[in-house]
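One gets my numbering by counting positions in the sequence shown from 1 and adding 18 to each. We put the CB at the ideal spot given by N, CA and C, even for glycine. Structure record follows, encoded as structure tokens.
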Amino acid sequence: MHIFSLPARFPGRIFTAAAALAFTLALAGCASVPPPDDSMNLAQSQLQAARDAGAADYAPVDLGFAQDKFQQAQAAMAERKYDEAASLAEESRADADLARAKARLGAARAQIQGRVQEIDRLRAEGTQAEAAAEAAEQQAAAPAAASSSSPAPTEDMPAPSSSVLSAPPPGSGFQTVPDNTPQPASGSSTQGGQP
19 MHIFSLPARF PGRIFTAAAA LAFTLALAGC ASVPPPDDSM NLAQSQLQAA RDAGAADYAP
79 VDLGFAQDKF QQAQAAMAER KYDEAASLAE ESRADADLAR AKARLGAARA QIQGRVQEID
139 RLRAEGTQAE AAAEAAEQQA AAPAAASSSS PAPTEDMPAP SSSVLSAPPP GSGFQTVPDN
199 TPQPASGSST QGGQP
């Protein structure tokens with residue numbers, strides 16, 4: 019007798035057990051994992067939220083990963099590989115969340131950088147306005163100092179050249195006029211009459 023031979027006294031039980039096993043497997047096949055529609059919808063909404071947040075500009079690599087995994091999840095759904103589709107949809111959702119977070123961070127950094135540049139521009143304008151006000155104040159104070167009672171300092175001038183020191187030619191320049199008025203005599207008086 020063989021070890022694997024069936025005992026002759028239980029032929030009906032083996033058939034019943036085989037039928038029960040086949041029925042259980044058929045039932046398990048019909049009751050397999052349902053399509054992960056909720057996971058797919060959630061992943062798709064997260065992808066759209068990442069796009070809306072600007073992930074294409076600030077986190078294109080992470081957004082690309084999320085889109086690729088979502089496409090793989092759609093392909094798995096078409097092949098009725100629901101476990102794989104659910105797993106890929108979850109990975110796509112996580113990558114989309116990461117891309118959205120990086121996009122928000124990038125947008126915040128860009129906004130901060132813009133404000134820093136605006137502050138720098140305003141500081142430069144303030145410095146220029148301050149310098150202009152100081153210059154105007156100094157310019158206004160300079161004429162007031164010149165008109166004050168203290169004499170303005172004079173600078174020494176160089177001596178004129180020798181050609182200027184010579185006598186001017188006749189008829190040019192200042193000339194002295196002789197005094198031709200008669201001088202009264204010292205002994206005569208001019209009081210009360212003619213001399």
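| task | Starting from G82, follow the alpha helix (DSSP H) in both directions and report where the run begins and ends. | result | Run containing G82: P78 to A96, per the alpha helix (DSSP H) assignment.
| task | Put K120 into one of helix, strand or coil per three-state DSSP. | result | helix
| S63 burial status per 10 Å Cβ neighbour count (16 or more: buried) | exposed
| message | Need the endpoints of the alpha helix (DSSP H) that D70 sits in, please. | response | Secondary structure note for D70: its alpha helix (DSSP H) is the uninterrupted segment D55 to D70.
| request: Indicate whether the contact test is met: 3 or more Cβ pairs, each with one atom in the stretch 124-135 and one in the stretch 79-92, closer than 8 Å. | output: Taking a cut-off of 8 Å for Cβ pairs, the stretch 124-135 and the stretch 79-92 do not touch, as fewer than three such pairs fall below it.
| message | Does D115 come out as helix, strand or coil in the three-state DSSP assignment? | response | helix
| field | Euclidean distance between Cα positions of P78 and Y100 | value | 28 Å
| said: For the structure I just gave you, are there three or more beta carbon pairs, one from the stretch 151-163 and one from the stretch 100-111, closer than 8 Å? | reply: no
| query | Is F88 near S57, with beta carbons less than 8 Å apart? | reply | The Cβ atoms of F88 and S57 do not sit closer than 8 Å to each other.
| said: For a test of the three-state rule: what should DSSP assign to P161, helix, strand or coil? | reply: DSSP places P161 in helix when its eight states are reduced to three.
| task | Decide yes or no for the touch test of the stretch 63-77 against the stretch 111-125: beta carbon pairs closer than 8 Å, at least 3 of them. | result | yes
| Whether A107 touches P53 by CB criterion (8 Å) | no
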